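Chains as they are written, first to last, in our numbering: chain X, 1 to 180; chain R, 181 to 492; chain B, 493 to 923.
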Amino acid sequence: MSNKILMDSDSIGRSITRLSYEILERNSNSQDIVLIGIHNRGVPLAARIQNKISDISGVLLNKGSLDITFHRDDYRERLVIPQVKGTDIPFSLDGKTVILVDDVLYTGRTIRAAMDELNSFGRAAKVQLAVLVDRGHRELPIKADFVGKNIPTHEGEHVNVTLMETDDVDSVYLLRNQES
Amino acid sequence: MLQQRHLLGLEGYPAEDIQTIIDTAFKFREVLDRPIKKVPSLQGVTIVNLFFENSTRTRISFELAQKRLSADTVNFSASSSSLQKGESFKDTAQNIEAMKIDAVVIRHPTPGAPKLLTEFIDAVIINAGDGTHEHPTQAILDMMSLHEKFGKLKGLKVGIIGDISHSRVALSNIHGLLIMGADVTLCGPPNLIPPFIKDLGVNINYNVDEVIEWADALNILRIQRERMGLGLVPSVREYRAMFGITQERLESHQKEIVIMHPGPMNRGVEIDGTVADGDQAIILDQVLNGVASRMAILYLLCGGKSSEEDES
Amino acid sequence: MKIEKMAKNLILKNGTIMDPFHGKTISGDIWLKDGKIAGVGKVDAPKDSLTIDCSGKVITHGFCDIHVHFREPGREDKETLITGSHSAMAGGFTRVCVMPNTNPPLDTPESINFIREKAEECPIHIHPIGAVTKSQNGNDLTEMGLMHNEGAVAFSDDGLPIQNGAMMRIALEYATMIDVPVINHAEDECLRAEGLMHEGIISTQLGLPGNPDLAESAMVYRDLELAEFTGARLHIPHVSSMKAVQHIREMKSKNEKVTAEVTPHHLFFNDEALTSYNTNLKVAPPIRTESDRKALIEAVKDGTIDCIATDHAPHTIEDKETTFDLASFGMIGLESCFGAINKVLVHDEGFELGSVVKLLTSNPRAIMGFEQDLFSEGTNAEITILDPDVEWTFEKVHVQSRSINSPYYGEILKGKVEYTISRGQIMIQLS
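Right, dumping it as structure tokens:
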């Protein structure tokens, strides 16, 4: 295994700032914006975006967290059931603009499951997607509206994100599997 | 993933798996609070509710749990079926097996029937009560409710009051609570407490007032009126006087204590209506937790490959 | 296994000849001519005699089981006298007593006669036991005198206890004039209630209604007192509990007319084996705790228990392959008997093979008054040839009974019956 660091704490911070401005720019009525972080690392990222937007505009957006475990499409295939962290969306989503926040966009299946789950909380007016990293290789027709960094990858490569809140350090790095 | 393929009882059940089920059940409680109370996890999974003994509340609880998980449910009840025509247990089981289903929830009046079913059907088997043996899902929802109230089970003092010898709820609760580190005291008429049950590690006390003083929570079992006819319990008023959790009795103790009852209740016999409806009772929470914990159990047991042949 | 007519002259060559009646063991041959003993030890048989090589084997009396259920008349789907005979010979038995709880029960001289006549066609000796009360109703005494004349060797309502103490007294008193044993299935119906297995921590954990040991010991005690009072012969069947053993031991010291038997399954299993809800272990009286099992072994050792009897109880698959409450009580036991008790008593507990053979041969014969000196010249041959040490796993293929309800499948047994000779026929086990 070899690691290549692609983003450090500063560059992550700048991406968060730019994403926050872009979200405000795209959505004129900031009253109706709701940030929903997808477990695990989408949650602290959504919190950072919420803080940044509050600094910029003075508005504290509503924030929730989403655990997509029960909506995954691979329930029947898997032999291991991941630990459920829980969903916390204590408000209705009717008529709201939902910004889903996640760390890495890859196949798109997580986002599909997230959108499926959002339906249980009301009918959103709009759903947009903000991700720190887009690494390509979509298996479903899903696209991100706000992207921190595009990182094209090959097969056998992985993009890992670590955050201060969950892993004690901010970084985005590329992992290459060495053939054994 | 849970270590055992079926849920036949809590005897010998791994503590970490009970914790996993309870933790997952709390997540499903959240699903039950949503506007749309459904998750797609068990889509395409077929579950048969095989009830050889009539039961409205347990069956409805399981059905709700199954439907909220998007599973397909089929109900089979003893009164309407070929059992009336003398079809044997084995034939009933094999007919169901031939229809290729994924899980069976079985309630039967005879201890050991769910275990016997595992010999005839290759599906996940969940015991919804087998005679006087076990009722594991009830014990799990009871423990989840206690966990919700107290934040833990270890060191908790639970009194189980009533006809212990005929109670599958009691036995499953005893196993589950002891495995999770709680302390259990049984209380009831001595002839309704099995002589060998203390070997399981429970305390026995025939004085209900002492048990109330000692306990953090009471699980009150229904005293079946049929027992009275058999000379096992002299009369309703005798039972109420000696063991009933009445308003007066509870007030005389002036303490915080959680009141539980698996239902259905005989108001005015083992428990007063005012106690059941009072602040200390969590009986309705138990019902809601019942759906959530059954969702957790079904979710944790039905996952993975549907059959070995489906490997592509 | 096969059963065929014996050769005119047969030599059992070079075996260890164990005579349980005389208590002597020698090496040598036995010569059988026309199905009778012609010589024992050094024999002078015709040169063209058929020979069976018995080196390394033990040659002894044919086993005698005084407690079997052959279900004829009425439930020939479970077993008949013929299929029961095959089962018996496979287990080394040449003589059995059949219990009368058939349909109709053996409660008249006519029905006793029926068994005796049918038994003529069978390769083993079959003796009927007559019912104590008509239809086993516990109220009306049967015609014991006439039945005894027809060939009833004992009286029993086995399957059901004689619940009423007054009735038991009358039965014992009446039987004294006939001087045959009265055998009472000792389980107090009220104390036993709906019990399906031994009442203990295992039954509590399994949620099954329990049948406490005192349901047996209380009635055994009653029967022992009545036996002493009346002077009758009392034989106590399938003793299962330490408590009953204690009562029997005490009374036997004063009353030599009391005898008792134990089944192989009560010596082999304890109630922990029932945690799988295996209906083949559902028996009456129930299989009890390890302490009870040890007490039964001790009782066999000190003579409190006189003999082994299998209580062979065939049932159809439908009767057994169902929920525990609906399953019939009982298991087959003839084919597995020797391997099971030899393993427990000789190999695990250090008994001498000779004493175990006595429990299967001369002791039960003594209780029923059958001939015991089976190696004397001119006697009709009843012989069992065994390999006392071979280890084998009991499987369905070893069962000759019409029914297959046995809990021994997959169990490792020690010692096996290789040949059984009875009524001019020889059973060859084949491996």
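Glycine included, C-beta positions come from ideal geometry on N, C-alpha and C.
Nothing here was measured: the structure is a model prediction, and the numbers come from that model.
Beta-carbon proximity check, residue i vs residue j, cutoff 8 Å
{"i": "residue 151 (chain R)", "j": "residue 291 (chain R)", "result": "The requested residue 151 (chain R) does not occur in the structure, where chain R is confined to residues 181 to 492."}
{"i": "residue 701 (chain B)", "j": "residue 751 (chain B)", "result": "no"}
{"i": "residue 383 (chain R)", "j": "residue 364 (chain R)", "result": "yes"}
{"i": "residue 907 (chain B)", "j": "residue 878 (chain B)", "result": "yes"}
{"i": "residue 622 (chain B)", "j": "residue 639 (chain B)", "result": "yes"}
{"i": "residue 35 (chain X)", "j": "residue 57 (chain X)", "result": "no"}
{"i": "residue 807 (chain B)", "j": "residue 777 (chain B)", "result": "no"}
{"i": "residue 225 (chain R)", "j": "residue 302 (chain R)", "result": "no"}
{"i": "residue 438 (chain B)", "j": "residue 548 (chain B)", "result": "Nothing about residue 438 (chain B) can be read from this structure; chain B reaches only from 493 to 923."}
{"i": "residue 187 (chain R)", "j": "residue 316 (chain R)", "result": "yes"}
{"i": "residue 833 (chain B)", "j": "residue 759 (chain B)", "result": "yes"}
{"i": "residue 828 (chain B)", "j": "residue 773 (chain B)", "result": "no"}
{"i": "residue 134 (chain X)", "j": "residue 150 (chain X)", "result": "yes"}
{"i": "residue 40 (chain X)", "j": "residue 162 (chain X)", "result": "no"}
Local Cβ density within 10 Å of residue i, reported as buried at 16 or more and exposed below that
{"i": "residue 91 (chain X)", "result": "exposed"}
{"i": "residue 490 (chain R)", "result": "Because the pLDDT of residue 490 (chain R) is 34, which lies under 50, any placement of that residue in the model is unreliable, and the number read from its coordinates should be weighed accordingly. Residue 490 (chain R) should be labelled exposed."}
{"i": "residue 733 (chain B)", "result": "buried"}
{"i": "residue 685 (chain B)", "result": "exposed"}
{"i": "residue 191 (chain R)", "result": "buried"}
{"i": "residue 636 (chain B)", "result": "buried"}
{"i": "residue 799 (chain B)", "result": "buried"}
{"i": "residue 3 (chain X)", "result": "exposed"}
{"i": "residue 742 (chain B)", "result": "exposed"}
{"i": "residue 935 (chain B)", "result": "In the structure displayed, chain B extends from 493 to 923; residue 935 (chain B) sits before or after that span and is not available."}
{"i": "residue 823 (chain B)", "result": "buried"}
{"i": "residue 735 (chain B)", "result": "buried"}
{"i": "residue 389 (chain R)", "result": "exposed"}
First and last residue of the uninterrupted beta strand (DSSP E) at residue i
{"i": "residue 45 (chain X)", "result": "Where residue 45 (chain X) is concerned, there is no enclosing beta strand (DSSP E), although the alpha helix (DSSP H) it sits in stretches over 42-57."}
{"i": "residue 619 (chain B)", "result": "617-620"}
{"i": "residue 830 (chain B)", "result": "No beta strand (DSSP E) contains residue 830 (chain B), which is instead part of the alpha helix (DSSP H) from 829-833."}
For residue i, the first and last residue of its enclosing alpha helix (DSSP H)
{"i": "residue 666 (chain B)", "result": "657-667"}
{"i": "residue 733 (chain B)", "result": "Looking at the DSSP string, residue 733 (chain B) is not in any alpha helix (DSSP H), and its letter there is neither H nor E."}
{"i": "residue 129 (chain R)", "result": "The structure shown does not extend to residue 129 (chain R), since chain R is modelled only from 181 to 492, so the question has no answer here."}
{"i": "residue 419 (chain R)", "result": "416-423"}
{"i": "residue 706 (chain B)", "result": "706-722"}
{"i": "residue 479 (chain R)", "result": "463-482"}
{"i": "residue 858 (chain B)", "result": "854-860"}
{"i": "residue 358 (chain R)", "result": "348-359"}
Rounded distance between the beta-carbons of residue j and residue i, thought under 8 Å
{"i": "residue 597 (chain B)", "j": "residue 642 (chain B)", "result": "Going by Cβ atoms, the distance from residue 597 (chain B) to residue 642 (chain B) rounds to 15 Å, so no, they are not a contact pair."}
{"i": "residue 288 (chain R)", "j": "residue 232 (chain R)", "result": "4 Å"}
{"i": "residue 440 (chain R)", "j": "residue 404 (chain R)", "result": "Not confirmed; about 18 Å, so no contact."}
{"i": "residue 895 (chain B)", "j": "residue 570 (chain B)", "result": "5 Å"}
{"i": "residue 443 (chain R)", "j": "residue 463 (chain R)", "result": "7 Å"}
{"i": "residue 668 (chain B)", "j": "residue 723 (chain B)", "result": "6 Å"}
Test: residue i CB closer than 8 Å to a CB of chain R
{"i": "residue 569 (chain B)", "result": "no"}
{"i": "residue 913 (chain B)", "result": "no"}
{"i": "residue 821 (chain B)", "result": "no"}
{"i": "residue 51 (chain X)", "result": "no"}
{"i": "residue 137 (chain X)", "result": "no"}
{"i": "residue 761 (chain B)", "result": "no"}
{"i": "residue 784 (chain B)", "result": "no"}
{"i": "residue 696 (chain B)", "result": "yes"}
{"i": "residue 693 (chain B)", "result": "yes"}
{"i": "residue 102 (chain X)", "result": "no"}
Any chain X beta carbon closer than 8 Å to residue i
{"i": "residue 220 (chain R)", "result": "yes"}
{"i": "residue 486 (chain R)", "result": "Confidence is the limiting factor: at residue 486 (chain R) the pLDDT is only 45, short of 50, which leaves the residue's position unreliable, though a coordinate-based value still follows. True, the Cβ-Cβ gap to chain X drops below 8 Å."}
Any C-beta of chain B under 8 Å from that of residue i
{"i": "residue 423 (chain R)", "result": "no"}
{"i": "residue 489 (chain R)", "result": "Note that residue 489 (chain R) has pLDDT 38, beneath the 50 cutoff, so the model's placement of it is unreliable and the number below is only indicative. Not closer than 8 Å to any Cβ of chain B, the Cβ of residue 489 (chain R) fails to qualify, so no."}
{"i": "residue 370 (chain R)", "result": "no"}
{"i": "residue 454 (chain R)", "result": "no"}
{"i": "residue 403 (chain R)", "result": "no"}
{"i": "residue 348 (chain R)", "result": "yes"}
{"i": "residue 194 (chain R)", "result": "no"}
{"i": "residue 257 (chain R)", "result": "no"}
Contact with chain D by residue i, beta-carbon distance below 8 Å
{"i": "residue 483 (chain R)", "result": "Within the model displayed, chain D is absent; protein chains X, R and B are what it includes."}
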